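Colleague:
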Amino acid sequence: MADEEVATKAPESDAQEDAGKNPTTEDPVARAGPTMGVMLTGPFRKSNVANISRNIAQAIGLLQLERFLLASELTKLGDVDVYIAKPADYPHGPAKLLLLLTGGTGLKSINNQLQADKYASEGFLTVMPDQFEGDPAPNAVSEPLTEHEPSFLDRVKHGIFDGTKSFMIDMWLARHTPAKVLPLLHKVVSAAKEEFADAIANGGGIYGVGYCFGAKYILLLAGEHPDSVIWGQENPGAEEEGMVKKGPFIKVGVVAHGTGVTPTDITNVKVPMSLICVQDDPMFPEEIWKAGEEALAKNGVEHEVKVYPGVPHGFAVLGDYEDAKIKETQQQAFGEMLGWLQAH
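Be aware that the sequence shown starts at 1, since it is given in the UniProt record's numbering, and climbs by one per residue.
#1: Which ranges does the beta strand (DSSP E) cover as unbroken runs of at least 3 residues, wholly within the UniProt domain "Dienelactone hydrolase" (248–343), from first to last along the chain?
#2: Quick one: Cα of I200 to Cα of S121, how far?
#3: Bridge partners for P178 per DSSP, in chain order?
#4: Which first and last residues belong to the alpha helix (DSSP H) in which K76 is found?
#5: Secondary structure at Y83, three-state DSSP: helix, strand or coil?
#6: With 16 as the cutoff for other CB atoms within 10 Å, does W340 come out buried or exposed?
#7: So if DSSP puts T126 in a beta bridge, which residue, or which two residues, is it bridged to?
#8: Compute the Euclidean distance between the alpha carbons of N268 and E293, then round it to the nearest angstrom.
#9: What are the partner residues of G204, as DSSP defines its beta bridges?
#10: Would you kindly check if the distance between the Cβ of H225 and the Cβ of A316 is under 8 Å?
#11: Let me make sure I understand the geometry here. Which of F167, D117, A174, H186 has the alpha-carbon closest to that of L77?
#12: Pick helix, strand or coil for G33, following the three-state DSSP scheme.
#13: Should P236 go down as buried or exposed, given a rule of 16 or more other Cβ atoms within 10 Å for buried?
#14: When you compare the CB positions of A333 and Y308, do they come within less than 8 Å of one another, or not?
#15: Any contact between the stretch 319–338 and the stretch 216–225? By contact I mean 3 or more CB pairs, one from each, below 8 Å.
#16: Provide the residue span of the alpha helix (DSSP H) that contains F213, from first to last.
#17: Roughly how many angstroms lie between the CA atoms of A179 and G314, to the nearest whole one?
#18: For C277 and K306, I'd like the C-alpha separation in whole angstroms.
#19: Three-state secondary structure (DSSP) at H92?
#20: What residue from E195, F132, R175 has the CA that sits closest to I84's CA?
#21: At least one CB of chain B closer than 8 Å to the CB of E122: is that the case?
#22: Throw me the rounded Cβ distance for the K270 and G223 pair, which I believe falls under 8 Å.
#23: Measuring CB to CB, does G103 end up less than 8 Å from G260?
#24: Can you tell me whether DSSP reads K246 as helix, strand or coil?
#25: Can you give me the start and stop residues for the alpha helix (DSSP H) that D117 sits inside?
#26: Alpha carbon to alpha carbon, how far is D198 from Q331?
#27: Count the other CB atoms, across all protein chains shown, that sit within 10 Å of the CB of H92; report buried if there are 16 or more and exposed otherwise.
#28: Suppose you measure from the CA of K118 to the CA of K251; what does that come to, to the nearest Å?
#29: Helix, strand or coil: how does DSSP classify G226 here?
#30: Contact defined as beta carbons within less than 8 Å: I believe L114 pairs with K86. What is the distance between those atoms, to the nearest angstrom?
#31: In chain order, what residues of the same chain have a beta carbon less than 6 Å from the beta carbon of V189, not counting five sequence neighbours either side?
As structure tokens, this is what we get:
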């Protein structure tokens, strides 16, 4: 398991620092400063430790680092890159399978990896796929965000960035549509059913948690849709009378401060769902989640909605915030998200 001491001090956003040509940041194993990321592969070797930046090794400690490397790894599942974090006693002890979908920072964000480890420490065999196929969201800022600064996508939405930078994120979003992401996720789910059949059986199905970008896809996997929609080929609202539907593909879900979510995404949900929202969040506005909440109630779907005031979009992702209120609220949100999963 990873040590939370190495969590970045900046909040997780839908963007990742662009490495550029800096030799230090080009090393996929270590990135200096608050935006550092760790790439972990294979069994524990002394050479692995040598490749990890000194500040991380000192923070974690060699013994903890060894346990981290053994319990968590970057590998492939269904020919898709994934980060898998396993409970310490698995497979000797029982576990439940959790599909964790991240924001735009993606697979190699240390905050996202630590988040997966945290769920694993609570008994969930956590599978975190690379939804972006090695293409995380671009970042247009050279300094890490503070807890009071808007995320990259927030800035784009409000026109803070210039045309070139807005074009970059538009192009990135165009590359990562449901037509691209959903088939990839179905590969992972299908492979997980074979590789971790014991964990899925133990939990009675697959659990799902999604942050930011990933929230939309947890909602889609939790819904019932025409076959073409589950492969991202049509708008989820486009269906014909008598059309055969498929799904849901998870048994329960929880999503935090989603981006790109539509009321229809929530309306089609058929499994217990918890929505973690930020008050006055332009990325997941009240009119969206409120319409979804009303639809879930009308459809008789078990659900809950939690709204947090005074915190930034992305606050629920693990991070080391200087603002004590944000840090406490983050811990509270994790406890509530975990509690929802454990209750089902």
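Positions of the beta carbon are idealized from the N, C-alpha and C atoms, including for glycine. Model, not experiment: these values are computed from the prediction.
Modeller: In short:
#1: Here the runs fully enclosed are 252–256, 273–278, 303–308.
#2: Working through the sequence shown from its first residue, we reach residue 200 at position 200. Working through the sequence shown from its first residue, we reach residue 121 at position 121. Per the coordinates, the alpha-carbon of I200 lies some 17 Å from the alpha-carbon of S121.
#3: Sequence index remark: in the sequence shown, residue 178 carries index 178 (1-based). Note: P178 is not bridge-paired with any residue in the DSSP secondary-structure output.
#4: For the purposes of this step, residue 76 is taken as residue 76 along the sequence shown, with counting starting at 1. No alpha helix (DSSP H) contains K76, which is instead part of the beta strand (DSSP E) from 72–77.
#5: Reading the sequence shown from its first residue, position 83 is the one you call residue 83. Collapsing the DSSP output to three states places Y83 in a strand.
#6: Mapped onto the sequence shown, residue 340 falls at position 340. W340 comes out buried.
#7: The count along the sequence shown starts at 1 and reaches residue 126 at position 126. T126 is bridged to A85, L98.
#8: In the sequence shown, residue 268 corresponds to position 268, counting from 1. In the sequence shown, residue 293 corresponds to position 293, counting from 1. For N268 and E293, the distance between alpha carbons rounds to 11 Å.
#9: Here residue 204 corresponds to residue number 204 of the sequence shown, with the count starting at 1. None; G204 has no bridge partner.
#10: Indexing the sequence shown from 1 puts residue 316 at position 316. Indexing the sequence shown from 1 puts residue 225 at position 225. No, they are not a contact pair.
#11: Numbered from its first residue, the sequence shown carries residue 77 at position 77. Distances from the alpha-carbon of L77 to those of F167, D117, A174, H186 put H186 closest.
#12: Here residue 33 refers to the residue found at position 33 of the sequence shown. The pLDDT assigned to G33 is 32, lower than 50, so where the model puts this residue is not dependable; a value taken from the coordinates is nonetheless given after this. Reduced to three states, the DSSP call for G33 is helix.
#13: As a first step, residue 236 must be located in the sequence shown, where it is residue number 236. Its pLDDT being 48, under 50, P236 is placed unreliably by the model, and the measurement read from it follows with that caveat. When all chains shown are included, P236 counts as buried.
#14: Reading the sequence shown from its first residue, position 333 is the one you call residue 333. Reading the sequence shown from its first residue, position 308 is the one you call residue 308. Taking a C-beta distance under 8 Å as the contact criterion, A333 and Y308 qualify as a contact pair.
#15: Under the Cβ criterion (8 Å, minimum of three pairs), the stretch 319–338 does not count as touching the stretch 216–225.
#16: Sequence index remark: in the sequence shown, residue 213 carries index 213 (1-based). Going by DSSP, F213 is part of the alpha helix (DSSP H) stretching over 213–221.
#17: On the sequence shown, position 179 is the one that residue 179 refers to. On the sequence shown, position 314 is the one that residue 314 refers to. For A179 and G314, the distance between alpha carbons rounds to 25 Å.
#18: Translated into positions along the sequence shown, residue 277 becomes position 277. Translated into positions along the sequence shown, residue 306 becomes position 306. Between C277 and K306, the C-alpha separation is close to 6 Å.
#19: In the sequence shown, counting from the first residue as 1, residue 92 sits at position 92. Coil at H92, not helix or strand.
#20: On the sequence shown, residue 84 is found 84 positions in, with the first residue counted as 1. If we check each option's Cα against that of I84, E195 comes out closest.
#21: In the structure shown, chain B does not exist; there is a single protein chain.
#22: Counting from 1 along the sequence shown, the entry for residue 270 is found at position 270. Counting from 1 along the sequence shown, the entry for residue 223 is found at position 223. Right, the Cβ-Cβ distance comes to about 6 Å (below 8 Å), so this counts as a contact.
#23: Here residue 103 corresponds to residue number 103 of the sequence shown, with the count starting at 1. Here residue 260 corresponds to residue number 260 of the sequence shown, with the count starting at 1. No, they are not a contact pair.
#24: As a first step, residue 246 is located in the sequence shown; it is residue number 246 there, counting from the start. In this structure, K246 counts as strand in the three-state DSSP scheme.
#25: Along the sequence shown, read from residue 1 onward, the residue named residue 117 stands at position 117. For D117, the enclosing alpha helix (DSSP H) starts and ends at 110–120.
#26: Indexing the sequence shown from 1 puts residue 198 at position 198. Indexing the sequence shown from 1 puts residue 331 at position 331. Going from the Cα of D198 to the Cα of Q331 covers about 30 Å.
#27: Residue mapping note: residue 92 aligns to position 92 of the sequence shown, counting from 1. Looking at its Cβ environment, which holds fewer than 16 other Cβ atoms inside 10 Å, H92 is exposed.
#28: Taking the first residue of the sequence shown as position 1, residue 118 is located at position 118. Taking the first residue of the sequence shown as position 1, residue 251 is located at position 251. K118 and K251 have their C-alpha atoms roughly 21 Å apart.
#29: Looking up residue 226 in the sequence shown gives position 226. Contrary to the premise, residue 226 reads as Pro rather than Gly in this sequence. Three-state DSSP puts P226 in a strand.
#30: What you label residue 114 is simply residue 114 of the sequence shown in a count that begins at 1. What you label residue 86 is simply residue 86 of the sequence shown in a count that begins at 1. Their Cβ separation, rounded to whole angstroms, is 15 Å, which puts L114 and K86 out of contact at 8 Å.
#31: Here residue 189 corresponds to residue number 189 of the sequence shown, with the count starting at 1. Sequence-distant partners of V189 (beyond 5 residues in either direction) whose C-beta falls short of 6 Å from its own C-beta, in its chain, are F249.
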